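Presented below is the structure to which this report refers.
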Amino acid sequence: MVMKRYRLLSIAVLLLLSSCVNINLQQTEPTPNVIVETALPTQEVTNIPAQAAGLTEAVLLNSEYLSPSQGKAIKLVEGKFSGLVDGVELSASIEPGIQFGDLNGDGVDDAALLLAENTGGTGTFVSMIVIFSKDGKFQQAPGVTIDDRPIIDSMVISEGKVQVKGYVHGPNDAMINPTQGVTQEYTLVGENLFLTRLNSAISSGGERAIVIDAPVEGEQVSGSVRVSGSMPIAPFENTLLLQILDANRNELYSSAFIVQAADIGQPATFDNTIPLPAISSGSTVVLLLKELSMADGSPLTISSVIFTIK
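Here the sequence shown stands for residues 6 to 315, where the numbers follow the working numbering.
Structure follows, in structure tokens:
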């Protein structure tokens, strides 16, 4: 659902199947909806020595993290922090349901957790945090904010990705009551976490989704890239936003992306060739297709593919 003004939108978007995590962070008094990818500097904050037994909940509950809301290091004790950060009163806590699994393919179990933060208002913003192994130690990728007081039904690490199901706030939701059902998938690329898939439920029982058939994950491309696939429900004005980001989350390319559909609300297909900007050979890039809400610019659905430049 994207009009031509997509060229003006630059949205850092920031999005659980076996073990269930039931988290209800509802409070009174609404605050603005946020479903964004938090752009913070990549740095080693959680610097946990690798142990023979690997990560444990006890270690994670008593480690140092980069606060997604403040961009500063905070030290949690028994999973909680409370204090001043650059003059801001911050309360933070790790929610139940820490998950373990290999996120970067090195054979060592990493961890995914949900960090809830409050800076004195009514909003409690929950972010996805991953801790991954590198050079014999564990470190944190900058967090990705999910929403203000979402309801997380389940979270699991599967096939190297963090998969989440739950409810966030739709454009017309009161902030105390998120009703937008979502399925999210988070992927670690290098040292950064990306929201690489977001499907949104609709009232009729279906869901908004984008399926990318080409290019395929891990493909090598040069000069241009053919992007083809389908959607069960066409976006507004048959237009999506296409972005290409590098592994450090820098935007390399952004453009409106047209799909074809017989009518409003009908299935859509797409098959477009996109010229690639000058990118160093061997670079890993993330191509994102996004349908954004015309009401508030938040993402309704996201799909992605990660490939390499020849």
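In this text, a Cβ means the ideal position worked out from N, Cα and C, and glycines have one as well. These numbers come from a predicted model, not from an experiment.
Compute the beta-carbon to beta-carbon distance between residue i and residue j, rounded to the nearest angstrom, for a pair I have assumed lies under 8 angstroms.
i, j, result
"residue 218", "residue 234", "5 angstroms"
"residue 65", "residue 136", "7 angstroms"
"residue 97", "residue 122", "5 angstroms"
"residue 105", "residue 151", "About 19 angstroms; that fails the 8 angstroms criterion."
"residue 95", "residue 84", "At roughly 15 angstroms, the Cβ-Cβ gap does not stay under 8 angstroms, so residue 95 and residue 84 are not in contact."
"residue 91", "residue 77", "6 angstroms"
"residue 303", "residue 202", "Between residue 202 and residue 303 the Cβ distance is about 16 angstroms, and since that is not below 8 angstroms, they are no contact."
Excluding the 5 residues flanking residue i on each side, which residues of the same chain have their C-beta closer than 6 angstroms to its C-beta?
i, result
"residue 280", "229"
"residue 278", "229, 231"
"residue 186", "172, 206"
"residue 301", "176"
"residue 236", "215, 273"
"residue 276", "233"
Pull up the distance between the alpha-carbon of residue i and that of residue j, whole angstroms please.
i, j, result
"residue 221", "residue 204", "19 angstroms"
"residue 25", "residue 264", "Because the pLDDT at residue 25 is just 32, under 50, the model does not fix this residue reliably, and the point stays unresolved."
"residue 212", "residue 179", "21 angstroms"
"residue 86", "residue 71", "12 angstroms"
"residue 59", "residue 196", "19 angstroms"
"residue 250", "residue 238", "26 angstroms"
"residue 314", "residue 167", "25 angstroms"
"residue 256", "residue 295", "14 angstroms"
"residue 290", "residue 223", "10 angstroms"
"residue 184", "residue 129", "17 angstroms"
"residue 124", "residue 114", "32 angstroms"
"residue 208", "residue 216", "20 angstroms"
"residue 75", "residue 146", "15 angstroms"
"residue 293", "residue 310", "7 angstroms"
"residue 99", "residue 160", "14 angstroms"
"residue 120", "residue 67", "13 angstroms"
"residue 103", "residue 117", "6 angstroms"
"residue 312", "residue 189", "20 angstroms"
"residue 93", "residue 139", "32 angstroms"
"residue 112", "residue 254", "25 angstroms"
Buried or exposed for residue i, please, with buried defined as at least 16 other CB atoms from any protein chain shown within 10 angstroms of its CB.
i, result
"residue 247", "buried"
"residue 61", "exposed"
"residue 269", "exposed"
"residue 240", "buried"
"residue 101", "exposed"
"residue 225", "exposed"
"residue 271", "exposed"
"residue 286", "exposed"
"residue 73", "buried"
"residue 267", "exposed"
"residue 63", "exposed"
"residue 288", "exposed"
"residue 29", "With a pLDDT of only 33 at residue 29, under the threshold of 50, the placement of this residue in the model should not be trusted, and no figure is reported."
Under 7 angstroms Cβ to Cβ from residue i, same chain only, skipping five residues before and after it: list those, please.
i, result
"residue 39", "With a pLDDT of 32 at residue 39, under the threshold of 50, the predicted position of this residue should be treated as unreliable, and no value is reported."
"residue 165", "107, 108, 110"
Spatial neighbours of residue i within its chain, please: C-beta separation below 8 angstroms, excluding the five flanking residues on both sides.
i, result
"residue 284", "251, 257, 290, 314"
"residue 282", "249, 257, 258"
Could one say the Cβ of residue i lies closer than 8 angstroms to chain D's Cβ atoms, at least one of them?
i, result
"residue 219", "Annotation note: the requested chain D is absent from the structure, which comprises a single protein chain."
*Taking 8 angstroms as the threshold, find out whether the stretch 140 to 159 comes into contact with the stretch 169 to 183 through three or more Cβ pairs.*
yes
*Between the stretch 261 to 275 and the stretch 236 to 247, do three or more beta carbon pairs fall short of 8 angstroms?*
yes
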